Amino acid sequence: MGNAKNEKRKYTEEENAEKNARRSVRRRAQREREKTQQVKDNAAKIDHDAQHYAEVISKVMELLPKKNVKHLVKMDLQKLKEFSEQEPLSRKKTAKSVEIIYGEFVNLTTVARAHLLVTFLNHVDMKETLELLGVDFGQKNSKRVEEEFVGNVFKGISSLGTKTRSADKSISRRAILTSVVSEDTTKNRHVTAFAKALGLSRKTVSRYAKRRKTLDDSTMEGNWALMCRNPRSDKIEDNIVKIVSDFWTERTRPSPNVRDVLKHRVTRNNYDEHIKHWLEITQHEMYIKFTEENPDVKIGQRMFENLKPWYVRADKVLDTCCCRYHVEFDYHYQVYRKLREEIAPPTRVSEFITSIICNVSDDHVDDRMTCIKGVCDKCGDLKLLPKTNEDLDTVNLVACKRFKYIKYSTRLGKDATRLDLVEEEIPIATFMQSFRSLISPYIKHSHYSKWQATQFKTNRDTFPIGSILSVVDFAENYSFSHQKEIQTQYYHTDQVTIMVQVFYRHAQLDLDGVESTYVKRMIKKEYHFYISDDKEHDTHFVQHCFGLFFQYLHQRGIQIDHHFVWSDGCASQFKSSRPFFALSRYHRHHKIPHLWSFFESGHGKGEHDGAGACIKRALKKQSFDYEGDRLIDAHTVVEWCKKHFAVQVSTSQASTSHVSTPHRVFWEITGEWKQVPLVVDDTYGSDHDDSFEDVPLISIDYDHISGLVKQGDVFAVIAEEANIEKVEYYLLRCTEERTKLTCEITSEVTTFFTGSVVVQGTYLQQVKALQSGIHFVDYKPDKKVYHYTHHIIATGLQLQQVKTTNSKRKKWRLDVEDHEKLLQVIEQRAEPLGII
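Using full-length UniProt numbering, the letters of the sequence shown correspond one by one to residues 1 to 836.
Now the structure itself:
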């Protein structure tokens, strides 16, 4: 029962509504009573103030002279009102008027008495009188409020500081100062007083008064929210800022190192990353180059330096991956300058080259190329190079650095050679001969490298709508490292291969919401990273990656009719017989023509190097996270990158809404991607039409296939018609690439004469033909046989090892599909072959 009494009663909804209604009525009545009481209090206060003013008048009358009081004239209320509205009188007239009024003051009403006070308070002489009486009409309270207001403004400005790098504090200070001053501050000559009260200079107060006038006169909506400085008359245009920024980026060398990645704060907890760009010359030299290449742009050197991007740094580290032509010639030129101090050669190599060739404009391409090739009548054969008697000095020595191939021993004790920088002392005559021999190749190389770089920029900025442009290169392999690793792990690290492709395309309306036109080009850029556990950076890997790339384009619906590709000249990857053979087949497999261009040797550094460095730096940073994802192979790397890098960065800040990370695509390359088989049954000519239909086959020189055979490859040669094994072809594993015999060699079957071009290999004997494939075994692996190169029909064949009980002879299997392709190639051979 006790617990039941203590429990609160639960009201129904109707009871709650009735209760709330009664509460509202009570509150309304309370507000009415408070309003009525406030009116009464205000009336009482007015009456009290009027009585107080009347007492003040009485005290004032006692201090004023009372002469001729008996002659006072009575005044009615209307005259009194007229008198009070007049301007303040002088002291003498005021005293006389007070004597007149004093006689009738007692008979006036309280309001009329209070009305008289206005006349006295408006007079200057009344201030001293009121101070003597100690009378206070609320002026002290008003003065206290004004002082407190000024003090609060002063404290607020002091807390923000006059010099700060914070944008928020600067905006707050500008808002406060602009709101407390106005145009009247200058008109009323209160600038000095305001400056003293706020602790600022007169110049600062005047400047904010002008800004306030501009804001008050402006009709732009939200002008107070902007609070921005008026633009200067000599403001740099945005297009010039972009030209200068692009010039800094293009004329500096991006670092390929993993650790050379800088961070720049974009918004709170959001940073933009960019690879370092090394400035290899002084800023003054960079400015001189800019003025020479952009004579129409008017900009001072200090402003040019201020517009330098935040990721450009002075070169203070060791240079890596440099061009041999430039480095070796620079070493020789520094020695040459010391030998020719009396004639003061130019400091820079470019000025020296300009001085020894004709000054031909770029518009005259033929004449300029004549000078560059060294066949000009005026400057050819280094005619403009100063000569002295020291050029023939064979006694005095000079120290010089140059690159030479040196021999060394490997860990296995084998002899090998490598290119190394050596310093040696040689006679001056020998040095001058070497220096002169380097000038012509350097001029050609320098011109070609600049021309190719210019062509790439032109191609990137002007490639037509419907086409795409790719820049591909292999980044340095990434080596895994962990926060804690034992000694064995430290001395044995796994690596992954990273191939970077920077992909440019025109925007499509169905994909991007906007469409690129010839008037307004809208270029979309993507980074594709092909990551694999395979360590071989060969052309097969590149071909496989391009196959995945075109599947990606087809899935996304990207429409293209031409593909421009740029890369360096690495022989094993892009620039040799095998890549060229694959390039001749790309137009058939991908149904579009390809134009593959190469940078000059030792050049081609660009955005793709920086992209690879950013990824490797992020992976290195993740490896130090003890509790984070563990990266051990290509699969874990790709999954981690997709999680952290594949999503574009977005921000709600209006000032940084244009900042976003380019779209990144990560591929894990697995499986077999060797060229299977490398045959020429579907090779097309270069004069194809746009439809790629009914393109005739061209006659093929089968001898060129032998140039594609590399050591360790399995290749096929056509068999003679009447052979003991009754097979159509033989398989061999290459032990020596194509070579020309210097003597006659007789084998068990035939004789190879002097001058014959042959390929050497070990024979694989065919033993069984099954539905799953054709089986082969190693036949006398130590015995090497020769074959004519024109008998080779395919190379790059892939054999899978088959388990067998015989450990001495390995068994291999060739797929049926490859076997059928080889038979098709054999059928295309017009003439029968003789005995091999």
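We put the beta carbon where it would ideally sit given N, CA and C, even for glycine.
Just so you know, these numbers come straight off a predicted model, no measurement behind them.
Would you mind giving the Cβ-Cβ distance between residue i and residue j, rounded to the nearest angstrom? I have them listed as a contact below 8 Å.
i, j, result
"residue 245", "residue 307", "6 Å"
"residue 418", "residue 406", "6 Å"
"residue 498", "residue 478", "6 Å"
"residue 260", "residue 613", "6 Å"
"residue 436", "residue 382", "6 Å"
"residue 420", "residue 403", "7 Å"
"residue 731", "residue 716", "6 Å"
"residue 197", "residue 154", "7 Å"
"residue 503", "residue 525", "7 Å"
"residue 467", "residue 560", "6 Å"
"residue 625", "residue 636", "13 Å between Cβ atoms; not a contact."
"residue 251", "residue 286", "6 Å"
Per DSSP, what kind of secondary structure is residue i in: helix, strand or coil?
i, result
"residue 760", "strand"
"residue 539", "helix"
"residue 499", "strand"
"residue 609", "helix"
"residue 397", "strand"
"residue 294", "coil"
"residue 479", "strand"
"residue 190", "coil"
"residue 593", "coil"
"residue 204", "helix"
"residue 601", "coil"
"residue 739", "strand"
"residue 175", "helix"
"residue 409", "strand"
"residue 345", "coil"
"residue 550", "helix"
"residue 579", "helix"
"residue 138", "Reliability of the predicted coordinates at residue 138 is poor, the pLDDT of 49 falling under 50, and the value obtained from them is presented with this limitation in mind. Three-state result, residue 138: coil."
"residue 702", "Low confidence applies to residue 702: its pLDDT is 48, below 50, so where it sits in the model is not reliable, and the reading given next is rough at best. Three-state result, residue 702: helix."
"residue 287", "helix"
"residue 729", "strand"
"residue 247", "helix"
"residue 508", "coil"
Is residue j closer than 7 Å to residue i when the C-beta atoms are compared?
i, j, result
"residue 714", "residue 822", "no"
"residue 180", "residue 195", "no"
"residue 795", "residue 727", "no"
"residue 758", "residue 752", "yes"
"residue 837", "residue 173", "No answer is possible for residue 837: the residues shown for the chain start at 1 and end at 836."
"residue 837", "residue 745", "Any answer about residue 837 is impossible in this case: the structure gives the chain only from 1 up to 836."
"residue 501", "residue 540", "no"
"residue 837", "residue 329", "Any question about residue 837 goes unanswered here, given that the chain covers just 1 to 836."
"residue 531", "residue 634", "yes"
"residue 315", "residue 351", "no"
"residue 474", "residue 562", "no"
"residue 837", "residue 212", "This structure does not reach residue 837, given that the chain is present from 1 up to 836, and the question cannot be answered."
"residue 331", "residue 263", "no"
"residue 284", "residue 311", "no"
"residue 778", "residue 813", "no"
"residue 385", "residue 356", "yes"
"residue 900", "residue 254", "The structure shown has nothing for residue 900, since the chain only spans 1 to 836."
"residue 583", "residue 566", "no"
"residue 549", "residue 575", "no"
"residue 734", "residue 711", "yes"
What does DSSP give as the partner residues of residue i in its beta bridges?
i, result
"residue 428", "In DSSP, residue 428 forms no bridge with anything."
"residue 734", "761"
"residue 564", "469 and 595"
"residue 530", "499 and 667"
"residue 263", "273"
"residue 423", "401"
"residue 38", "DSSP lists no partner for residue 38."
"residue 279", "314"
"residue 633", "BP columns for residue 633 are empty, so no partner."
"residue 819", "Paired residue(s): none; residue 819 is not in a bridge."
Q: At 3 residues or longer, and completely inside the segment 304–338: list those beta strand (DSSP E) runs for me, N to C.
A: 312–314, all fully within the segment 304–338.
Q: Please specify which runs of the alpha helix (DSSP H), each continuous and at least 4 residues long, are wholly inside the segment 775–807, giving them in chain order.
A: none
Q) Of all the alpha helix (DSSP H) runs that stay within the bounds of the segment 427–465, which reach a length of 4 or more residues? A) 428–462
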